[in-house]
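Engineer: Structure below; questions to follow.
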Amino acid sequence: MLKDQIQQLAKQYKEEFIAVRQHLHANPELSYKEFETSKFVQEKLTAFGIPFTVMAETGVVGLIEGKNPSSKVIALRADMDALPILEENDVPYKSKVDGVMHACGHDVHTTCLLGAAKILNELKAEWEGTVKLIFQPGEEKNPGGASIMIKEGVLENPKPQCIFGLHVHPGLQLGQLSFRGGKVMASADELYLTVRGKGGHAAAPHLAVDPILIASHLVVSLQQIISRNRNPHNPSVLSITAFNAGTTTNVIPNEVKIMGTFRAMDEAWRFEAHELIRRNATLLVESMGGELDLHIDIGYPTVYNNEALNEKAKTKAAELMGATHVEETELRMGAEDFGYYSQVIPGCFFRLGVMNKEKGISSGVHTPTFNIDEDAIETGMAMMAWLGSTVEP
1 MLKDQIQQLA KQYKEEFIAV RQHLHANPEL SYKEFETSKF VQEKLTAFGI
51 PFTVMAETGV VGLIEGKNPS SKVIALRADM DALPILEEND VPYKSKVDGV
101 MHACGHDVHT TCLLGAAKIL NELKAEWEGT VKLIFQPGEE KNPGGASIMI
151 KEGVLENPKP QCIFGLHVHP GLQLGQLSFR GGKVMASADE LYLTVRGKGG
201 HAAAPHLAVD PILIASHLVV SLQQIISRNR NPHNPSVLSI TAFNAGTTTN
251 VIPNEVKIMG TFRAMDEAWR FEAHELIRRN ATLLVESMGG ELDLHIDIGY
301 PTVYNNEALN EKAKTKAAEL MGATHVEETE LRMGAEDFGY YSQVIPGCFF
351 RLGVMNKEKG ISSGVHTPTF NIDEDAIETG MAMMAWLGST VEP
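The numbering of the sequence shown is the UniProt record's numbering, which starts it at 1 and goes up by one.
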(Lines of atoms letter the chains of each structure in order from A and count residues from 1; the text may use other names and numbers.)
(Lines give C-alpha, C1' and ligand atoms only; values in the text may rest on other atoms or scores of the structure.)
Protein backbone atom coordinates (compact mmCIF):
# COMPACT_ATOMS: atom_id res chain seq x y z
CA MET A 1 0.00 0.00 0.00
CA LEU A 2 1.12 3.54 -0.76
CA LYS A 3 0.63 4.57 2.86
CA ASP A 4 2.99 1.86 4.08
CA GLN A 5 5.57 2.81 1.46
CA ILE A 6 5.44 6.48 2.47
CA GLN A 7 5.75 5.65 6.16
CA GLN A 8 8.62 3.27 5.48
CA LEU A 9 10.56 5.83 3.44
CA ALA A 10 9.89 8.61 5.97
CA LYS A 11 11.32 6.38 8.67
CA GLN A 12 14.24 5.37 6.46
CA TYR A 13 15.14 8.96 5.57
CA LYS A 14 14.49 10.46 9.01
CA GLU A 15 18.14 10.87 10.02
CA GLU A 16 19.08 12.25 6.60
CA PHE A 17 16.50 15.00 6.91
CA ILE A 18 17.25 15.73 10.55
CA ALA A 19 20.74 16.53 9.25
CA VAL A 20 19.17 18.75 6.56
CA ARG A 21 17.19 20.61 9.21
CA GLN A 22 20.27 21.10 11.38
CA HIS A 23 22.20 22.50 8.41
CA LEU A 24 19.40 24.95 7.64
CA HIS A 25 19.04 25.88 11.30
CA ALA A 26 22.74 26.65 11.63
CA ASN A 27 22.72 28.81 8.50
CA PRO A 28 19.64 31.05 8.71
CA GLU A 29 18.94 33.91 6.32
CA LEU A 30 16.56 36.84 6.68
CA SER A 31 13.53 37.52 4.47
CA TYR A 32 14.31 38.01 0.77
CA LYS A 33 17.98 37.21 1.41
CA GLU A 34 17.66 33.41 1.36
CA PHE A 35 20.36 33.04 -1.30
CA GLU A 36 22.28 30.14 0.22
CA THR A 37 19.10 28.44 1.41
CA SER A 38 17.67 28.66 -2.10
CA LYS A 39 20.90 27.27 -3.54
CA PHE A 40 20.79 24.40 -1.01
CA VAL A 41 17.18 23.55 -1.97
CA GLN A 42 18.09 23.63 -5.66
CA GLU A 43 21.04 21.29 -5.06
CA LYS A 44 18.80 18.84 -3.20
CA LEU A 45 16.14 18.83 -5.90
CA THR A 46 18.83 18.29 -8.53
CA ALA A 47 20.19 15.35 -6.53
CA PHE A 48 16.67 13.90 -6.30
CA GLY A 49 16.18 14.29 -10.06
CA ILE A 50 13.33 16.79 -9.68
CA PRO A 51 13.12 19.66 -12.23
CA PHE A 52 12.62 23.16 -10.86
CA THR A 53 12.50 26.85 -11.72
CA VAL A 54 13.51 29.90 -9.68
CA MET A 55 11.00 32.65 -8.91
CA ALA A 56 10.98 35.83 -6.80
CA GLU A 57 14.78 35.74 -6.86
CA THR A 58 15.17 33.13 -4.12
CA GLY A 59 11.97 31.08 -4.46
CA VAL A 60 12.19 27.57 -5.89
CA VAL A 61 9.34 25.72 -7.61
CA GLY A 62 9.70 22.00 -8.33
CA LEU A 63 7.44 19.65 -10.27
CA ILE A 64 6.94 15.93 -9.75
CA GLU A 65 4.76 14.08 -12.24
CA GLY A 66 3.12 10.83 -11.25
CA LYS A 67 0.94 8.65 -13.44
CA ASN A 68 -1.51 10.56 -15.64
CA PRO A 69 0.07 13.92 -14.61
CA SER A 70 -2.73 16.07 -16.06
CA SER A 71 -5.41 14.41 -13.93
CA LYS A 72 -4.81 16.74 -10.96
CA VAL A 73 -2.25 19.23 -9.67
CA ILE A 74 -1.63 19.69 -5.94
CA ALA A 75 0.70 22.32 -4.50
CA LEU A 76 2.74 21.83 -1.33
CA ARG A 77 4.31 24.94 0.19
CA ALA A 78 7.15 25.68 2.63
CA ASP A 79 8.69 29.01 3.68
CA MET A 80 12.45 29.46 4.05
CA ASP A 81 13.29 32.72 5.86
CA ALA A 82 14.53 33.28 9.43
CA LEU A 83 14.08 36.03 12.03
CA PRO A 84 16.35 38.75 13.46
CA ILE A 85 16.70 36.99 16.85
CA LEU A 86 19.86 36.02 18.74
CA GLU A 87 19.63 32.29 19.46
CA GLU A 88 20.09 31.16 23.08
CA ASN A 89 19.87 27.39 22.52
CA ASP A 90 23.02 25.48 23.44
CA VAL A 91 22.94 22.90 20.64
CA PRO A 92 25.57 21.74 18.13
CA TYR A 93 23.53 23.22 15.27
CA LYS A 94 23.07 26.64 16.91
CA SER A 95 22.85 29.52 14.45
CA LYS A 96 26.22 30.56 13.04
CA VAL A 97 24.80 33.96 12.04
CA ASP A 98 24.88 36.52 14.83
CA GLY A 99 21.43 37.89 15.54
CA VAL A 100 19.63 35.68 13.00
CA MET A 101 17.72 32.53 13.96
CA HIS A 102 15.18 30.05 12.64
CA ALA A 103 12.83 30.88 15.50
CA CYS A 104 9.61 30.15 13.61
CA GLY A 105 10.44 26.72 12.27
CA HIS A 106 10.85 27.58 8.61
CA ASP A 107 13.93 25.35 8.59
CA VAL A 108 11.59 22.52 9.59
CA HIS A 109 9.01 23.43 6.94
CA THR A 110 11.67 23.43 4.21
CA THR A 111 13.07 20.14 5.49
CA CYS A 112 9.68 18.43 5.55
CA LEU A 113 8.92 19.54 2.00
CA LEU A 114 12.33 18.36 0.78
CA GLY A 115 11.71 15.02 2.48
CA ALA A 116 8.24 14.76 0.97
CA ALA A 117 9.73 15.59 -2.44
CA LYS A 118 12.23 12.76 -2.22
CA ILE A 119 9.53 10.29 -1.15
CA LEU A 120 7.05 11.40 -3.81
CA ASN A 121 9.67 11.25 -6.54
CA GLU A 122 10.71 7.73 -5.59
CA LEU A 123 7.08 6.58 -5.54
CA LYS A 124 5.83 8.51 -8.58
CA ALA A 125 4.85 5.28 -10.33
CA GLU A 126 2.43 4.62 -7.45
CA TRP A 127 0.28 7.77 -7.50
CA GLU A 128 -1.58 9.91 -10.03
CA GLY A 129 -1.30 13.58 -10.88
CA THR A 130 1.33 16.27 -10.47
CA VAL A 131 2.74 17.77 -7.28
CA LYS A 132 4.04 21.34 -7.38
CA LEU A 133 6.64 22.07 -4.69
CA ILE A 134 6.72 25.71 -3.59
CA PHE A 135 9.75 26.82 -1.55
CA GLN A 136 8.87 30.41 -0.75
CA PRO A 137 10.96 33.35 0.49
CA GLY A 138 9.98 36.17 2.80
CA GLU A 139 7.05 34.96 4.88
CA GLU A 140 8.13 37.06 7.85
CA LYS A 141 8.16 40.46 6.14
CA ASN A 142 5.72 42.53 4.09
CA PRO A 143 4.67 42.29 1.33
CA GLY A 144 5.07 38.53 1.92
CA GLY A 145 6.88 36.17 -0.41
CA ALA A 146 3.60 34.44 -1.26
CA SER A 147 2.22 37.61 -2.85
CA ILE A 148 5.35 38.00 -4.97
CA MET A 149 5.32 34.34 -6.03
CA ILE A 150 1.66 34.61 -7.05
CA LYS A 151 2.33 37.76 -9.10
CA GLU A 152 5.15 35.90 -10.87
CA GLY A 153 2.83 33.01 -11.74
CA VAL A 154 3.46 30.28 -9.18
CA LEU A 155 -0.20 29.26 -9.32
CA GLU A 156 -0.13 28.86 -13.11
CA ASN A 157 1.48 26.49 -15.62
CA PRO A 158 0.38 24.08 -14.29
CA LYS A 159 -2.40 25.57 -12.19
CA PRO A 160 -2.85 23.75 -8.85
CA GLN A 161 -6.37 22.84 -7.84
CA CYS A 162 -5.48 23.21 -4.16
CA ILE A 163 -2.56 23.95 -1.86
CA PHE A 164 -1.35 22.61 1.49
CA GLY A 165 0.97 24.26 3.98
CA LEU A 166 2.42 22.95 7.23
CA HIS A 167 3.54 24.93 10.29
CA VAL A 168 5.25 23.79 13.47
CA HIS A 169 3.22 24.15 16.67
CA PRO A 170 5.24 24.25 19.91
CA GLY A 171 2.04 23.95 21.93
CA LEU A 172 1.07 20.68 20.23
CA GLN A 173 2.56 17.41 21.41
CA LEU A 174 4.98 15.49 19.21
CA GLY A 175 3.12 12.99 17.02
CA GLN A 176 0.01 15.15 16.73
CA LEU A 177 -1.41 17.07 13.78
CA SER A 178 -4.12 19.73 13.99
CA PHE A 179 -6.59 21.16 11.49
CA ARG A 180 -9.30 23.80 11.39
CA GLY A 181 -11.82 24.65 8.68
CA GLY A 182 -12.79 28.21 7.81
CA LYS A 183 -11.06 31.12 9.53
CA VAL A 184 -7.74 30.02 11.00
CA MET A 185 -5.45 33.04 11.32
CA ALA A 186 -5.90 36.81 11.24
CA SER A 187 -4.97 39.50 8.78
CA ALA A 188 -2.12 41.74 9.92
CA ASP A 189 -1.69 45.43 9.13
CA GLU A 190 0.98 47.75 10.53
CA LEU A 191 0.09 51.19 11.90
CA TYR A 192 2.50 54.14 11.77
CA LEU A 193 1.33 57.45 13.25
CA THR A 194 3.12 60.76 13.81
CA VAL A 195 1.35 63.31 15.98
CA ARG A 196 2.74 66.82 15.53
CA GLY A 197 2.17 69.68 17.93
CA LYS A 198 4.20 72.68 18.98
CA GLY A 199 7.08 72.14 21.36
CA GLY A 200 7.97 74.39 24.24
CA HIS A 201 8.99 74.67 27.87
CA ALA A 202 7.38 72.08 30.10
CA ALA A 203 6.58 74.84 32.62
CA ALA A 204 4.55 76.74 30.02
CA PRO A 205 2.26 74.21 28.36
CA HIS A 206 -0.22 76.97 27.49
CA LEU A 207 2.28 78.26 24.94
CA ALA A 208 2.71 74.82 23.35
CA VAL A 209 0.54 72.22 21.66
CA ASP A 210 1.47 69.13 23.60
CA PRO A 211 1.72 66.13 21.22
CA ILE A 212 2.22 63.70 24.13
CA LEU A 213 -1.16 64.60 25.60
CA ILE A 214 -2.81 64.38 22.17
CA ALA A 215 -1.13 61.05 21.40
CA SER A 216 -2.17 59.66 24.78
CA HIS A 217 -5.81 60.43 24.04
CA LEU A 218 -5.31 58.92 20.61
CA VAL A 219 -4.05 55.59 21.97
CA VAL A 220 -7.14 55.26 24.17
CA SER A 221 -9.44 56.35 21.35
CA LEU A 222 -8.05 53.75 18.97
CA GLN A 223 -9.03 50.99 21.40
CA GLN A 224 -12.61 52.22 21.30
CA ILE A 225 -12.74 51.49 17.59
CA ILE A 226 -12.44 47.81 18.47
CA SER A 227 -14.67 47.79 21.55
CA ARG A 228 -17.50 49.98 20.23
CA ASN A 229 -17.61 49.32 16.47
CA ARG A 230 -16.70 45.66 16.03
CA ASN A 231 -19.21 42.85 16.26
CA PRO A 232 -18.28 41.08 19.54
CA HIS A 233 -18.48 37.73 17.74
CA ASN A 234 -15.81 38.81 15.26
CA PRO A 235 -12.28 38.48 16.71
CA SER A 236 -10.08 41.54 16.19
CA VAL A 237 -7.25 43.24 18.04
CA LEU A 238 -5.42 46.56 17.86
CA SER A 239 -2.20 46.86 19.85
CA ILE A 240 -0.01 49.94 20.15
CA THR A 241 3.53 48.66 20.52
CA ALA A 242 5.72 51.77 20.36
CA PHE A 243 5.27 55.33 21.70
CA ASN A 244 8.32 57.52 21.24
CA ALA A 245 8.68 61.18 22.16
CA GLY A 246 10.98 63.60 23.91
CA THR A 247 14.50 63.38 25.29
CA THR A 248 14.45 65.29 28.58
CA THR A 249 12.25 66.31 31.51
CA ASN A 250 11.64 70.01 30.89
CA VAL A 251 10.85 70.18 27.18
CA ILE A 252 7.56 69.46 25.49
CA PRO A 253 8.58 67.83 22.17
CA ASN A 254 7.28 68.73 18.73
CA GLU A 255 6.08 65.26 17.83
CA VAL A 256 5.26 61.75 18.97
CA LYS A 257 5.78 58.63 16.86
CA ILE A 258 3.47 55.67 17.44
CA MET A 259 3.52 52.18 15.95
CA GLY A 260 1.16 49.28 16.30
CA THR A 261 -0.60 46.35 14.69
CA PHE A 262 -4.20 45.73 13.69
CA ARG A 263 -5.50 42.17 13.30
CA ALA A 264 -8.85 40.95 12.02
CA MET A 265 -10.59 37.73 11.05
CA ASP A 266 -13.04 39.31 8.63
CA GLU A 267 -11.83 41.06 5.49
CA ALA A 268 -14.85 43.40 5.23
CA TRP A 269 -14.45 44.56 8.84
CA ARG A 270 -10.70 44.87 8.32
CA PHE A 271 -11.04 47.60 5.72
CA GLU A 272 -13.98 49.23 7.48
CA ALA A 273 -11.74 49.52 10.53
CA HIS A 274 -9.00 51.14 8.45
CA GLU A 275 -11.40 53.95 7.54
CA LEU A 276 -12.55 54.33 11.14
CA ILE A 277 -8.92 54.55 12.30
CA ARG A 278 -8.13 57.22 9.70
CA ARG A 279 -11.25 59.30 10.39
CA ASN A 280 -11.29 59.10 14.18
CA ALA A 281 -7.56 59.65 14.57
CA THR A 282 -7.51 62.65 12.26
CA LEU A 283 -10.55 64.30 13.89
CA LEU A 284 -9.24 63.74 17.42
CA VAL A 285 -5.75 65.07 16.73
CA GLU A 286 -6.98 68.11 14.83
CA SER A 287 -9.60 68.88 17.49
CA MET A 288 -6.77 69.19 20.02
CA GLY A 289 -4.72 71.48 17.80
CA GLY A 290 -2.32 68.95 16.35
CA GLU A 291 -1.54 67.45 12.99
CA LEU A 292 -1.47 63.77 12.09
CA ASP A 293 0.47 61.69 9.59
CA LEU A 294 -1.00 58.19 9.40
CA HIS A 295 0.16 55.25 7.31
CA ILE A 296 -1.51 51.85 7.37
CA ASP A 297 0.82 49.31 5.80
CA ILE A 298 -1.58 46.69 4.52
CA GLY A 299 -0.17 43.27 5.27
CA TYR A 300 -1.31 39.68 4.99
CA PRO A 301 -4.94 38.67 4.55
CA THR A 302 -6.74 36.22 6.78
CA VAL A 303 -5.87 32.55 6.41
CA TYR A 304 -9.04 30.74 5.40
CA ASN A 305 -9.04 26.97 5.14
CA ASN A 306 -11.45 25.63 2.56
CA GLU A 307 -13.85 23.54 4.65
CA ALA A 308 -14.17 20.65 2.21
CA LEU A 309 -10.41 20.46 1.64
CA ASN A 310 -9.76 20.66 5.38
CA GLU A 311 -12.08 17.72 5.98
CA LYS A 312 -10.29 15.70 3.32
CA ALA A 313 -6.92 16.54 4.89
CA LYS A 314 -8.16 15.57 8.37
CA THR A 315 -9.40 12.26 7.01
CA LYS A 316 -6.05 11.62 5.34
CA ALA A 317 -4.22 12.50 8.57
CA ALA A 318 -6.34 10.00 10.49
CA GLU A 319 -5.59 7.35 7.86
CA LEU A 320 -1.86 8.01 8.11
CA MET A 321 -1.46 8.62 11.85
CA GLY A 322 -4.61 7.27 13.51
CA ALA A 323 -7.59 9.33 14.63
CA THR A 324 -6.20 9.93 18.13
CA HIS A 325 -3.30 11.84 16.58
CA VAL A 326 -5.56 14.41 14.89
CA GLU A 327 -6.76 17.49 16.79
CA GLU A 328 -8.47 20.80 16.06
CA THR A 329 -6.28 23.87 15.66
CA GLU A 330 -7.24 26.79 17.87
CA LEU A 331 -8.22 30.12 16.31
CA ARG A 332 -5.11 32.34 16.26
CA MET A 333 -4.66 36.09 15.85
CA GLY A 334 -1.19 35.58 14.41
CA ALA A 335 -0.77 36.08 10.67
CA GLU A 336 0.66 34.06 7.79
CA ASP A 337 1.10 34.96 4.14
CA PHE A 338 -0.31 31.53 3.23
CA GLY A 339 -3.53 33.54 3.23
CA TYR A 340 -2.61 34.93 -0.19
CA TYR A 341 -2.69 31.42 -1.69
CA SER A 342 -6.01 30.55 -0.08
CA GLN A 343 -7.58 33.68 -1.60
CA VAL A 344 -6.84 32.31 -5.07
CA ILE A 345 -7.30 28.53 -4.78
CA PRO A 346 -8.64 26.22 -2.04
CA GLY A 347 -6.04 25.94 0.71
CA CYS A 348 -5.43 23.99 3.91
CA PHE A 349 -2.90 25.22 6.46
CA PHE A 350 -2.32 22.70 9.24
CA ARG A 351 -0.11 22.31 12.32
CA LEU A 352 2.66 19.84 13.14
CA GLY A 353 3.20 19.02 16.81
CA VAL A 354 6.84 19.57 17.88
CA MET A 355 6.54 19.87 21.66
CA ASN A 356 8.19 17.41 24.05
CA LYS A 357 8.16 18.70 27.62
CA GLU A 358 10.06 15.64 28.83
CA LYS A 359 13.00 16.88 26.75
CA GLY A 360 12.41 20.49 27.80
CA ILE A 361 11.18 21.44 24.32
CA SER A 362 8.23 23.80 24.68
CA SER A 363 9.39 27.37 23.94
CA GLY A 364 7.14 29.37 21.67
CA VAL A 365 7.93 30.56 18.18
CA HIS A 366 9.69 33.92 17.81
CA THR A 367 11.62 33.34 21.05
CA PRO A 368 15.42 32.83 21.35
CA THR A 369 14.93 29.37 22.88
CA PHE A 370 12.51 27.95 20.31
CA ASN A 371 13.37 24.43 19.21
CA ILE A 372 11.62 21.22 18.15
CA ASP A 373 11.70 17.53 18.88
CA GLU A 374 13.25 16.45 15.60
CA ASP A 375 11.23 13.22 15.54
CA ALA A 376 8.47 15.49 14.18
CA ILE A 377 10.31 15.70 10.86
CA GLU A 378 9.39 12.09 10.05
CA THR A 379 5.73 12.92 10.65
CA GLY A 380 5.87 16.17 8.69
CA MET A 381 7.44 14.81 5.54
CA ALA A 382 5.22 11.71 5.56
CA MET A 383 2.08 13.83 5.92
CA MET A 384 3.04 16.20 3.12
CA ALA A 385 3.86 13.27 0.84
CA TRP A 386 0.58 11.53 1.76
CA LEU A 387 -1.49 14.63 1.00
CA GLY A 388 0.31 15.33 -2.26
CA SER A 389 -0.16 11.80 -3.54
CA THR A 390 -3.67 10.91 -2.38
CA VAL A 391 -5.96 13.94 -1.93
CA GLU A 392 -8.60 14.39 -4.61
CA PRO A 393 -9.18 18.16 -4.98
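For glycine and all other residues, C-beta sits at the position ideal for the given N, C-alpha and C.
Just so we're clear, the structure is a prediction, and the values are computed from it rather than from any experiment.
Taking just the CA atoms, how far does GLU140 sit from GLY82?
Structural biologist: It should be noted that the sequence gives Ala, not Gly, for residue 82. C-alpha separation (whole angstroms): 8 Å.
Engineer: Does the beta-carbon of GLU255 have 16 or more other beta-carbons within 10 angstroms, so that it is buried, or is it exposed?
Structural biologist: By the 10 Å Cβ count, GLU255 comes out buried.
Engineer: Give me the residue from GLY165, VAL54 and ARG180 with the minimum Cα distance to TYR341.
Structural biologist: Nearest C-alpha to TYR341: GLY165.
Engineer: Below 8 Å CB to CB, which residues in the same chain sit around GLN173 once its five sequence neighbours on both sides are set aside?
Structural biologist: Counting only Cβ-Cβ distances below 8 Å, and skipping sequence neighbours, we find GLY353, MET355 and ASN356.
Engineer: Could you give the distance in angstroms between the alpha-carbon of GLU267 and the alpha-carbon of ASN280?
Structural biologist: Those two C-alpha atoms are separated by around 20 Å.
Engineer: Comparing alpha-carbon positions, which option in LEU76, GLU57 and LEU24 lies nearest LEU63?
Structural biologist: Considering only alpha carbons, the answer is LEU76.
Engineer: Excluding the five sequence neighbours on either side, which residues of its own chain have a C-beta within less than 7 Å of the C-beta of MET55, listed in chain order?
Structural biologist: Within the same chain, MET55 has close Cβ partners VAL61, MET149, GLU152 and VAL154.
Engineer: If you follow the alpha helix (DSSP H) that ILE277 is in, where does it begin and where does it stop?
Structural biologist: 267–287 is the extent of the alpha helix (DSSP H) around ILE277.
Engineer: Say whether the segment 310–320 touches the segment 124–134, bearing in mind that this needs 3 or more beta-carbon pairs closer than 8 Å, one atom from each stretch.
Structural biologist: As far as the Cβ criterion goes, the segment 310–320 does not touch the segment 124–134, which means the pair count is below three.
Engineer: Compare the beta carbon distance of VAL131 and GLY380 with 8 Å and say whether it is the shorter of the two.
Structural biologist: No, the Cβ-Cβ distance between VAL131 and GLY380 is not below 8 Å.
Engineer: Starting from LEU309 and walking both ways along the alpha helix (DSSP H), at which residues does that stretch end?
Structural biologist: Element bounds for LEU309: 307–321.
Engineer: Should ASN306 and PRO346 be called a contact, given that it needs their Cβ atoms to be closer than 8 Å?
Structural biologist: In this structure, PRO346 lies closer than 8 Å to ASN306 by Cβ.
Engineer: Which partner residues of ASN244 appear in the DSSP bridge assignment?
Structural biologist: Bridge partners of ASN244: LYS257.
Engineer: Who does ASP90 pair with in a DSSP beta bridge?
Structural biologist: Bridge partners of ASP90: none, in fact.
Engineer: Identify, in the order they occur along the chain, each residue of the same chain with its Cβ nearer than 6 Å to the Cβ of VAL91, setting aside the five sequence neighbours on each side.
Structural biologist: Same-chain partners within the cutoff: there are none.
Engineer: Are the Cβ atoms of GLY299 and GLU190 separated by less than 8 Å?
Structural biologist: It is a contact, given that the beta carbons lie within the stated cut-off.
Engineer: Out of ASN142, PHE17, GLU29 and GLY129, point me to the one whose CA is closest to ASP98's CA.
Structural biologist: If we check each option's Cα against that of ASP98, GLU29 comes out closest.
Engineer: Three or more C-beta pairs under 8 Å: does that hold for the segment 103–123 against the segment 6–15?
Structural biologist: With a cut-off of 8 Å, the segment 6–15 and the segment 103–123 count as touching, because enough Cβ pairs lie within range.
Engineer: Between the alpha carbons of ILE240 and ASP293, how many angstroms are there, rounded?
Structural biologist: Whole-angstrom Cα-Cα distance: 16 Å.
Engineer: Could you give the distance in angstroms between the alpha-carbon of VAL168 and the alpha-carbon of GLN223?
Structural biologist: Going by the C-alpha atoms only, they are around 32 Å apart.
Engineer: Might you give, ordered along the chain, the residues of its own chain that have their beta carbon closer than 8 Å to the beta carbon of GLY72, omitting 5 neighbours on each side?
Structural biologist: Here residue 72 is Lys; the residue named in the question, Gly, does not match the sequence. Excluding sequence neighbours, LYS72 sits near GLU128, GLY129, THR130, GLN161, GLU392 and PRO393.
Engineer: Tell me which same chain residues have a C-beta within less than 6 Å of the C-beta of LYS94, skipping the five on either side of it?
Structural biologist: The answer, listed in chain order, is GLU87.
Engineer: Nearest by alpha-carbon distance to GLU286: which of VAL303, ASN231, LEU218 and THR37 is it?
Structural biologist: With distances taken between Cα atoms, GLU286 lies closest to LEU218.
Engineer: Following a CB-centred definition, is LEU222 positioned closer than 7 Å to any heavy atom of the ligand GTP?
Structural biologist: The ligand GTP is absent from the structure shown, which contains no ligands of any kind.
Engineer: Use the C-beta contact count for LYS96: other C-beta atoms within 10 angstroms, 16 or more gives buried, fewer gives exposed.
Structural biologist: LYS96 should be labelled exposed.
Engineer: In this structure, how does DSSP classify ALA19 when only helix, strand and coil are distinguished?
Structural biologist: DSSP places ALA19 in helix when its eight states are reduced to three.
Engineer: With a Cβ-Cβ cutoff of 8 Å, do ASN250 and HIS206 count as a contact?
Structural biologist: No.
Engineer: On the CB-based measure, 16 or more other CB atoms within 10 Å of its CB, does ARG351 come out buried or exposed?
Structural biologist: Looking at its Cβ environment, which holds 16 or more other Cβ atoms inside 10 Å, ARG351 is buried.
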